[in-house]
Each structure stands twice: as C-alpha cells, then as structure tokens.
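Residue numbers (numbering that gives the first Met the number 0): 0 to 624. Notes to accompany the following structure.
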Amino acid sequence: MNSTSEILERINRSSMEHHDGVFTRLYRYLLREDIYYIAYQKLYANTGAVTPGVDTDTADGFGSEYIEAIISELKNGTYRPNPVRRKYIQKANGKLRPLGIPSFRDKLLQEVVRMFLQAIYEPVFYDQSHGFRPNRSCHTALSSIKFTFQGVKWFIEGDIRGCFDNINHSALIGLLERKIKDSKFINIIRMFLKAGYVEDFEYHNTLSGTPQGGIISPILANIYLHELDRKVAEIKSDFDAPPSRAMSKEYQHYFSEMRRTKKKIVSCQDSERPGLIKQYKELRKREMSCSRKPEDDKKLVYCRYADDFLIGVCGNKEDCKRIKGTLKDFLGSVYSLELSEEKTKITHSASRVRFLGYDISVRKNQQIRRRKDGRKARSLFNTVELLIPVEDKLNAYLIKSGMVRQTSNGNLSAVAIRSMTHLSNIEIVRSYDTRLRGICNYYRLAANYNDLCYFRYLLQTSMYRTLARKHNTTMMDIANKYKTRNGWALPYDTKRGRKYAALTEIAACKKSHTVSDTAPWKYSLVPDYRLSLKKRLMAQTCELCGTHCSKCKVFHAGSMKEIAKETAWGQKMLGIRRKTLVVCNDCYSVIHSNKSKVLSTASREPDTLKDVSPVRKGSQTNLPS
C-alpha cells in the first residue's frame, strides 16, 4: 500500500496537469496513521504547540493512542471539533484583531486537511498571490511589483474590510465543492468553520469567517480570494490593449528629426558640422524629456498579499474608477466582502503608496546615464522605487519601543530601556541585535537602505545607555571597555572557545538573501530522516528508563529554557538536545507529577551574567555546547 505522502504527491501532480480536475474519496486518507506523524512533525516545534485551547490538550502526550482516538471518531462519524479560545492582539492602528486558538487535537486534523488542500489548490493559484503560500513572502510580492509595475501611471490600493471575519461559509463551501466531490471531507471543513468560539467563558456561534489562528484558515482564505484573482485576470484580459503605434507622436517627431539630422552630419561640409551637431544634441534632449509610450497603451498589473492588493494601471483615472467599481460590486454581491473606502485609493504613480510596509512609487527621473552597451538613456525613468517610510515606521517604532525619545525641537535622542536592566549583558545585546536584524532583513529591498545607518546608530546608543544604567557607569565607559579592532563586541566564553556578541552591520543583511519565486511549489515526499519522532515512537522503547512499551508517549517540555538539570529527564533531554522525550506511561506520570516543582525551582536559578565583565562558561544557556 502506498504511503499517504506518495498519494499527496500524486494528487499534487494531477492538479498541476489538470487545473480543472475534480478529486474524490479524500476522506479515507484521513483514516491513515502515517499522515498524522507527518502533521505532528510540522506542528510540535512551534511555540504555540503547548498553548492550550478551551481544554488542556497540547502537543504533550502525543502517541499511537492519541492517533487511534482521532481515527476512531472519524470512522464512527462522532468527531466534533472544540470551539476555539478567542484572544485579541493589538494592531498597528490601535484596534484589536481577534485570534482563535484551537485545541491541539483539532490543530492536528486541520494540518492533515491543509496538506490535502495545499496539494490540490497550490498549482491552481495565480502567481500574483503571495500571502500564506510556500516559497512566497512579502519579499516575493515586493520583488514582483518592482519588475512588473514599471511604467504604470496609476495605483489602485485595495484593502478588504474584515476579510477573515466576513468570509461567507456557504460561498466558501460552494467553491470547495467545485474541485472536491467528497461530502465527508467537505463536512470536516464545515464543522471547523461552524465550531464557534469561547470568550470570557461564554460560547458564541460563528456565522461567517475563518478564525485567524487556525491551521486551515490561511489556505481557506486564499481559496476564497482566488476568485478575486480570477476576476482581476478577466478585467486584465478585457482591458489590456496593444498601442496603435510603437512610439508617441511627440517622441516619433523628435526621433525622425534626429535621424535626418544625423544623415546631414555625415554628408555635410566641415563648416556646417558644428551647427548640425548642436541641433542634434538639442533634439536628443527634447526626445529624452517626453514619454515614448503612446497614450492608448493599456496595461493592468496586479499583486495580492492576503487581503491587501495593489493594481497598477497604464491608462487614465476614469479607467481606474471603473476597475475599482467593478471589483467593489463583484466582492459585495457575490462574496459578501466590502472594500474599505478609506484604504482603497486611486493614486498617481509619481506619488507614494504604502504596501506591505514599503512606500512604492514609479520614478520620473530624467537623469541620463550611460548603459552597458555605451548608449545613453534615462535608465531610472518609469522604474519602480521601493522606499523605507522612515518617519512613519522606523522613528515611530523606536519611540514606541522606548529606545528613543523625541526632544522639544523634534530631534531623536536615544535613551536606556529601564525594563531591560535586569537582563544579563548577553541578553541585552542579543535583544537589540534581534530588533536590528529584523528591520534590516525586511527592508533590504529598499532603494534608501542606507538610511538604516542612522537607525542602527540610535539602536547602538540606546544599548550603550541600557548597559551603563545597569552597571551604574557612563555610556563612554561601556563603549570603550569592549572596543575591538573590528568594532564594539562583548566577549563571552563557551566550551568551544571565546565568542563575541555585537550588533550586526547593515551591509551583512543587505547581501545575505536572494529573492526568487520562479520555481512553482511541488509537493515532495517527506523522507524518513525528517520523521524522527515517528521513528522514536515506533522503537517502542522508553528513552528515560529503557523499558519496552508498546504505547509510548511524547513528553513535550515547551521550550529548552523550562528544562531543569537536576532531574533525570531534564539531564536526558539536555543530553540529546531535544525538548521532546519519548517515554512510557509510568515515566510520563512521574515527570508530570513533579514538573511544576522543578519549573518553580528552575525559575529561581541565579543570574550568572550580573556584571559587565566577560561572562563565565556556559552561563548564557542550559544547553551544552
């Protein structure tokens, strides 16, 4: 019998070859044990794996019995998902975003369902969709805009109001039933959609929407918004029109005059040559100042990331208004979605629009440069410029995080973060470096990337002040004490020798990655060496006491920081450098009986990084090097 992984590969290949294909009898694959081991392998390492939903079920306690219980309920038709636990996270604009946390049992089954949906729909999705897809990210979306939006005259910024919360369940199920003819499989998805949520110990029904935080929510949203991509593709096919001529009339006039003048220069007398050359240069200057593209050249380009999209239009503003109206009517009448009026704007391409945290515009730079072939041209004209919104994003981030304060004259001044003074020196440096690398890595596509030099300077100054406040000294003492030939660095010793902690140089982030999404995603077989937990469970041997046990379980510690060295199971987990341990039922009970006591003791361990001197061996972590 073929493994479920091989079946998934076959389904993906079939969907790739036949985009209109229909898939049946998928529910029977949910009754196979091997697919749940693959799903668990993908979920257990996530920090949310030990976050409970409405019950105490987490990734801890997984084993063959756990899988058999889920499969038994699926076979009997008695499986019912638990309602999700609702939390709220704050958005950048101050509003709250609802977040649903499912039980781990439901997460596991959702991951299995997601794997089948991804194998079926990933080959069908358009290249213009970048959100929540494998091998795609914000950077692939921005890179596609940089190269496909060249020369556009207008931007249509699109934002769907409350997209995840307003997805129509009936419409979504109808879309799924077009490609999946399996009522049992569809019914599992329907139950997840209708499971409801618990907030303040009160149950609420879910009449619409896919809960953010669920495993299948992103791909269900992409399936739903794929119809928007399809509609934009239809509008593009009707809108795009080749120009009636190769050049605009004005550009053609100067181009023809230049050719005639050039012929005269070749055959003229020496006395007439300087005047003709001057005339040729003047014509060339005028040619460069006008647009080569004809007015009737119609083109539409599109990029979407989740519920935000950007449309570039070569045309007039009336064309943009018609496109916006068409999309608004389509989403509202068919799919119960509403375009946000305050965020869906029509903007000229010379102005900047905000998309995925970048400011995007089309350059109108008339600067003439010499190309590689030696010919002079306006190399920057009509090209897309990606910029860092320094004032709105970087400076606001520094002020909000407490690293910088704004003086009375509007300047920025770095300050110490008092809440970090209880941390060790290494933790302070690494905390600042994490923030710096996060910003630098995200904005590495920006044309004004070097503006991050000042951002790094403010970050570094704040770090000096924080360390100085911690040790009751001056910032200059901290800066001079750890100054090296290659810059400032804090030394610390490990079993492998001396190492240094310092802030990353912004140039290192600029060249550390390449962005490419040219290769389409294909499902690949999961090799056995990646299913380490499955092999450990199949060994049927307790990794703690060594006894044979046919029903072993996985003990999940949550994180390596929670593992204490004074226990036998803690020493074992630190020895194998894993936050999971396959144990028998007896050992599992013993571990949980004293876990809370051990964790409370571990939380009171003294901090070995108290002073500003180089740290002692092994003090930054409990893991052996």
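In this text, a Cβ means the ideal position worked out from N, Cα and C, and glycines have one as well. Nothing here was measured: the structure is a model prediction, and the numbers come from that model.
The DSSP-derived three-state label of K41 is helix. Residue range 411-413 is occupied by the beta strand (DSSP E) that includes S412. Look at S236 here: in three-state DSSP terms it is helix. Cβ-Cβ separation between H225 and L192: approximately 17 angstroms, too far for a contact (criterion under 8 angstroms). Selection K469, T209, Y463 evaluated against L502 yields Y463 as nearest (Cα-Cα).
At a cut-off of 4 residues, the continuous stretches assigned as alpha helix (DSSP H) that sit fully inside the region 404-469 are 424-441, 451-469. Judged by DSSP in its simplified three-state form, P490 adopts strand.
Here E156 carries a strand assignment [DSSP, helix/strand/coil].
Q268 and R285 have their C-alpha atoms spaced approximately 26 angstroms apart.
Under the DSSP assignment, I345 falls in the beta strand (DSSP E) whose first and last residues are 345-347. In this structure, DSSP gives Q89 an extended state, which the three-state scheme calls strand. With a cutoff of 9 angstroms on beta-carbon distance, I215 and V112 are scored as near each other.
Going by beta carbons, L458 and M419 fall outside the 9 angstroms limit.
Closest in alpha carbon position to L107, among E384, S255, K371, L42, is L42.
Within the region 331-403, the complete beta strand (DSSP E) segments of 3 residues or longer fall at 345-347, 352-354, 357-361, 383-386, listed in chain order.
Under DSSP, T23 takes part in a beta bridge, and its partners are K180. C508: member of the alpha helix (DSSP H) spanning 505-509, first to last residue. With respect to L489, V428 sits close: the two C-beta atoms are nearer than 9 angstroms. Here Q211 is bridged, per DSSP, to G213. Between L29 and I159, the C-beta spacing is not below 9 angstroms. In terms of Cβ geometry, I345 and W153 form a close pair [threshold 9 angstroms]. For K521, the CB contacts under 7 angstroms within the same chain, skipping 5 residues up- and downstream, are N11 in chain order.
Its Cα nearest to that of S558, the residue A44 stands out among K469, A44, D307. The beta carbon of G157 sits closer than 6 angstroms to the beta carbons of F308, T343 from its chain, once the five residues preceding and following it are set aside; these are given in chain order.
By the criterion of at least three beta-carbon pairs nearer than 8 angstroms, the region 271-284 is not in contact with the region 315-322. Of the residues assessed, H18 falls on the exposed side of the cut-off, its CB having fewer than 16 other CB atoms within 10 angstroms. In its chain, beyond the 5 residues on either side, no residue has a beta carbon closer than 6 angstroms to the beta carbon of S592. By the CB criterion at 9 angstroms, N221 and R132 fall inside the cutoff. Secondary structure in the region 511-588: the beta strand (DSSP E) runs of 3 residues or longer, each lying completely within the stretch, are 552-555, 579-582 in chain order. Residue pairing from DSSP leaves S142 without any beta-bridge partner. Membership of P273 in the alpha helix (DSSP H) is indicated by the continuous run 272-288. Looking from the CA of S549, the closest CA among R9, G62, L282, R369 belongs to G62. Looking only at L385, I66, K298, the smallest Cα-Cα distance to N315 is reached by K298.
In the structure shown, Y78 falls within a coil segment according to DSSP collapsed to helix, strand and coil. According to the DSSP assignment, L502 belongs to no alpha helix (DSSP H), since it is labelled neither H nor E.
Relative to N81, the option among T57, L98, K94, G52 whose CA is nearest is G52.
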